[in-house]
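S.K.: Following this message is one structure expressed as structure tokens.
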Amino acid sequence: MLTPMDIHNKEFKRGFRGYSEEDVDAFMDNIADDYEKVYREYCEIKEKCEKLQDKLSQYEKMESTMNSTLMLAQQTAENVKVSARKEADLILQEAENKKKKMLDETTLNMQTTQQNMEKMKTQVSAFRAKCRALLTSQMRLLDDMVIDEETAVSDGNTPAEQPEAGDNTAK
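Under full-length UniProt numbering, the residue at position 52 of the sequence shown is numbered 52, and the numbers go up by one with no gaps.
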């Protein structure tokens, strides 16, 4: 690229009826000044562009880092969800197992209680039958005693003279 110094130091060959040297020099000075301004602006813009390019590169790296971090966060969130679902399923399964175990224990306890109740009913029935038999035998014994007393009274004996119920000698 042509520099402002190149324009400023440029000398032309002189010819026989050439241009006015003063006019050409003045014009070349104007061009060199304008070109110097443009060249400085160009250098500043180029420097700004390089800085912006560096910033852009940094932002692209940051974007890449953020994207990878976001992907990692999404992956972690998904893993947490899956883990939470598995844990919830495990808790539900454990609760279901406990429920089944408690239900089985309750059923077993109920069956045992029903069996015990049936045994007690049988024992109560047997006790009632024994009591009834005992009472019946005692009633017969009392009836026999009343008959024996009536027989003794009608025979002229007093009840005090009657032999005891367990004594077979008087009969």
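Built from N, CA and C at the ideal position, the CB exists for glycine as well.
Could you have a look at L2 and say whether DSSP puts it in helix, strand or coil?
M.R.: Against the sequence shown, residue 2 aligns to sequence position 2. In the structure shown, L2 sits in coil (DSSP, three-state: anything other than H, G, I, E or B).
S.K.: Relative to the C-alpha of E41, which residue among D29, S68, G18, T3 is closest?
M.R.: In the sequence shown, counting from the first residue as 1, residue 41 sits at position 41. Answer by Cα proximity: T3.
S.K.: Between T106 and E94, what straight-line distance do the alpha-carbon atoms span, to the nearest angstrom?
M.R.: Position 106 of the sequence shown, counting from 1, holds the residue named residue 106. Position 94 of the sequence shown, counting from 1, holds the residue named residue 94. Taking the straight line from one Cα to the other gives about 18 Å.
S.K.: Taking the continuous alpha helix (DSSP H) assigned at F27, which residues delimit it?
M.R.: Counting from 1 along the sequence shown, the entry for residue 27 is found at position 27. Residues 21-155.
S.K.: Can you grab the Cα-Cα spacing for the pair V124 / I91, in whole Å?
M.R.: Along the sequence shown, read from residue 1 onward, the residue named residue 124 stands at position 124. Along the sequence shown, read from residue 1 onward, the residue named residue 91 stands at position 91. For V124 and I91, the distance between alpha carbons rounds to 48 Å.
S.K.: Taking the Cβ atom as the reference point for each residue, do I31 and I7 lie within a distance shorter than 8 Å?
M.R.: Here residue 31 refers to the residue found at position 31 when the sequence shown is read from its first residue. Here residue 7 refers to the residue found at position 7 when the sequence shown is read from its first residue. Their beta carbons are under 8 Å apart, which means I31 touches I7 by this criterion.
S.K.: Confirm, please, whether the CB-CB distance from K48 to M28 is below 8 Å.
M.R.: Looking up residue 28 in the sequence shown gives position 28. Looking up residue 48 in the sequence shown gives position 48. No, the Cβ-Cβ distance between M28 and K48 is not below 8 Å.
S.K.: Please return the same chain residues whose Cβ sits closer than 8 Å to the Cβ of Y35, not counting the five positions on each side in sequence.
M.R.: Position 35 of the sequence shown, counted from the start, is the residue given in the question as residue 35. So the list reads L2, P4, I7, once near-sequence residues are dropped.
S.K.: Cα separation between G18 and E50?
M.R.: The sequence position of residue 18 within the sequence shown is 18, counting from 1. The sequence position of residue 50 within the sequence shown is 50, counting from 1. If I take the Cα positions, the gap works out to 45 Å.
S.K.: Quick check: the Cα distance between V146 and R140, rounded to an integer number of angstroms?
M.R.: Counted from its first residue, the sequence shown places residue 146 at position 146. Counted from its first residue, the sequence shown places residue 140 at position 140. Their Cα atoms are separated by approximately 10 Å.
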